[in-house]
Amino acid sequence: MRRSLAALFVMCAVPLAAAAQGAPAGKTQVTWYGHAAFVVKTPKGTVLAIDPWFSNPSNKDGKVAPPEKVDFILVTHGHADHVGDAVALAQKTKAKFVGAFELAQALAGAGYPADQATTATAGNMGGTIDLTDEVSVTLVPAVHSSGFKAGNEGAAQYAGNPVGFMIHVKGGPTIYHTGDTAPVSDIQYPAKRWAPVDLMLACIGGHFTMDPTGAALMASWVNPKQLVPMHFGTFPLLKGTPAELQQALQQRGVKTKMVEMKVGETRAF
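Mind the numbering: the sequence shown is residues -19 to -1, 1 to 250 in mature numbering (1 follows the signal peptide of the UniProt record, and there is no 0), read in order.
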């Protein structure tokens, strides 16, 4: 009996220990900070911050703190709600910029360390950038605008094409962050080239981007295994909801599993 109890303790302790340490070994961790801000941590420990507006209203009073270690900062376009805290984060962590070349130049002019925002990691749509021996990123089309303005004065400057990111983790998932976009059928080529797409992070708010109906159409082209809605509810104008997305997916016959994340939640893929 004593031996059976000891064995039961070991069986229970293993999953508890794994839970205490976060995601299981070998998994890629994805954390949502609200709006379009995500942090991706790979099995080898590379940390990517995407559209790092960590101080957005959905993360009230910074209740979910940004990571201390960031290796790369991916910014889809120049608007303030996506550039977010990128400059300060880069200064603190020495993270390199990934995104449109013109946006890299604009951010460098606003204080992003120039040696961290170079052509080594900045590019344009269609290009694939090797970040490490484990991680590469393909810049894919987004239909939106991209103007960058440092501070509250003056006119916004041209910040290159808006993009989405197709993130490839060697031996792990392919993650597609749409950025801000309308449904864009050009996504079908990269979606097929890099298939299967394991996770799609899709804007659904409407007004400035596609709404749930548009996101369901995009999902039918990308055919991701799982889809996490983002860029909704931050402001009253962003009216789309995950429930509407789920309904739109069902109406279109898309088999993708929708995963509704909470602010601060981390999931493993």
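Glycine included, every Cβ here is placed at the ideal spot set by N, Cα and C.
The structure displayed is predicted, hence computed values, not measured ones.
Within the continuous beta strand (DSSP E) that includes residue i, where are the two ends?
| i | result |
| --- | --- |
| residue 251 | In the structure as shown, the chain begins at -19 and stops at 250. Residue 251 is therefore absent and cannot be evaluated. |
| D111 | T109 to D111 |
| V28 | V28 to I31 |
| F53 | F53 to L55 |
| T247 | T247 to A249 |
Tell whether a beta-carbon distance below 8 Å holds between residue i and residue j.
| i | j | result |
| --- | --- | --- |
| L198 | R233 | yes |
| H125 | H58 | yes |
| M239 | Q228 | no |
| L182 | G141 | no |
| V11 | G80 | no |
| W13 | M242 | yes |
| A224 | G195 | no |
| F250 | D179 | yes |
| P210 | I185 | yes |
| H149 | V116 | yes |
Report all residues from its chain with a CB closer than 6 Å to the CB of residue i; omit the five preceding and five following residues, and keep chain order.
| i | result |
| --- | --- |
| K153 | The identity of residue 153 in the sequence shown is Gly, whereas the question assumes Lys. Answer for G153: T9, listed in chain order. |
| R248 | V11 |
| G92 | V68 |
| A30 | V20, V51 and I54 |
| P38 | T215 |
| F213 | I185, G186, L219 and G221 |
Using C-beta distances below 7 Å, list every residue in its chain close to residue i, excluding the 5 sequence neighbours before and after it, in chain order.
| i | result |
| --- | --- |
| V28 | V20, K22, P48, K50, V51 and D52 |
| G187 | L219, K220 and G221 |
| Q2 | Note that Q2 scores a pLDDT of 37, beneath 50, so its modelled location is shaky and nothing firm can be said. |
| Q97 | A71, K75, A76, K77 and F78 |
| A(-7) | Low per-residue confidence applies at A(-7): pLDDT is 37, beneath 50, and the placement is therefore not dependable enough to give any value. |
| M106 | L120, V121, P122, N142 and V144 |
| P94 | A71 and Q72 |
List the endpoints of the continuous alpha helix (DSSP H) containing residue i.
| i | result |
| --- | --- |
| P122 | Careful: P122 lies outside any alpha helix (DSSP H), inside the beta strand (DSSP E) at V116 to P122. |
| Q231 | P223 to R233 |
| Q72 | A67 to T74 |
| A61 | A61 to V64 |
I'd like to confirm something about residue i: is its beta-carbon nearer than 7 Å to some heavy atom of the ligand GDP, or not?
| i | result |
| --- | --- |
| A131 | What this structure holds is no ligand at all, so the ligand GDP is not there to describe. |
Ignore the nearest five residues each way along the sequence and tell me which others in residue i's own chain have a CB closer than 8 Å to its CB.
| i | result |
| --- | --- |
| G245 | T12, W13, Y14, N40, K44 and V45 |
| D66 | P33, W34, F35, S36 and P47 |
Open item on the list: Would the region 120 to 139 count as touching the region 162 to 174 if we require 3 or more Cβ pairs under 8 Å?
Closed with: yes
TODO: Counting only runs of 3+ residues fully inside the region 139 to 206, write out the beta strand (DSSP E) ranges in chain order.
DONE: 144 to 150, 155 to 158 and 180 to 184
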